[in-house]
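Engineer:
Residue numbers (the working numbering): 535 to 668.
In structure tokens, the structure reads:
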């Protein structure tokens, strides 16, 4: 097998720049998720042990906790999107089916993000209202 035949097979396949960017994004989101996940697990353990409704309300209504949970949700969804996109690229060979499923994946991620944001803001404001903080 000569180099020329391998080169002709690879022609038109594009460069690996997209794969490098995709790889870096996936690793970056994973690195951001590690401390956020540890923080979230420790907070859940603390909230379960305190078993006081007031503690839970104060935790959810605190702006720092609100921000960190929302950042966790954002990075978690994006990291999941990147992973599923990788799997789809490897195993779906029909271009039309890939495009349809990719658009469906994007739609599901956007809807999940919007619903979780609205839900989280609603409960944040509700708890702040009932605790007299807002």
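We treat Cβ as the ideally placed atom computed from N, Cα and C, and that holds for glycine. Given the structure is predicted, the values throughout are model-derived calculations rather than measurements.
Please list, in chain order, all residues of the same chain as residue 613 whose beta carbon is under 8 Å from its beta carbon, the five residues on each side excluded.
Structural biologist: In the chain shown, residue 613 corresponds to position 79, counting from 1. Residues of the same chain with a CB within less than 8 Å of the CB of residue 613, apart from the 5 flanking positions on each side, are 560, 563, 564 and 567 in chain order.
Engineer: For residue 585, does the three-state DSSP call read helix, strand or coil?
Structural biologist: Locating residue 585 in the chain shown gives position 51, counting from the first residue. Reduced to three states, the DSSP call for residue 585 is coil.
Engineer: When the Cα atoms are used, what is the spatial distance from residue 646 to residue 584?
Structural biologist: Mapped onto the chain shown, residue 646 falls at position 112. Mapped onto the chain shown, residue 584 falls at position 50. Our two residues, residue 646 and residue 584, have alpha carbons roughly 30 Å apart in a direct line.
Engineer: Taking the straight line between their C-alpha atoms, what separation do you get for residue 657 and residue 600?
Structural biologist: Taking the chain shown and counting its residues from 1, one reaches residue 657 at position 123. Taking the chain shown and counting its residues from 1, one reaches residue 600 at position 66. Roughly 10 Å between the two C-alpha positions.
Engineer: What are the boundary residues of the alpha helix (DSSP H) that includes residue 613?
Structural biologist: For the purposes of this step, residue 613 is identified with residue 79 of the chain shown, where counting begins at 1. That run of the alpha helix (DSSP H) goes 597 to 625.
Engineer: Quick test of your reading: residue 594 and residue 661, contact by CB under 8 Å. State the CB separation rounded to the nearest angstrom.
Structural biologist: By 1-based counting over the chain shown, the position of residue 594 is 60. By 1-based counting over the chain shown, the position of residue 661 is 127. Indeed, because the Cβ distance is near 5 Å, the residues count as touching under 8 Å.
Engineer: Sorted by chain position, which residues of the same chain lie with C-beta nearer than 7 Å to residue 626's C-beta, five sequence neighbours on each side aside?
Structural biologist: In the chain shown, the residue the question calls residue 626 occupies position 92. Excluding residues within five positions, the ones whose Cβ falls inside 7 Å are 632 and 635.
Engineer: Which same chain residues, not among the five before or five after residue 577, have their C-beta less than 8 Å away from its C-beta?
Structural biologist: Within the chain shown, residue 577 is the residue found at index 43, counting from 1. So the qualifying residues of the chain are 593 and 599.
Engineer: Please state if the CB of residue 606 and the CB of residue 570 are separated by a distance shorter than 7 Å.
Structural biologist: In the chain shown, residue 570 corresponds to position 36, counting from 1. In the chain shown, residue 606 corresponds to position 72, counting from 1. Result yes, Cβ atoms of residue 570 and residue 606 sit closer than 7 Å.
Engineer: Quick one: grab the DSSP three-state call for residue 643.
Structural biologist: Translated into positions along the chain shown, residue 643 becomes position 109. Helix.
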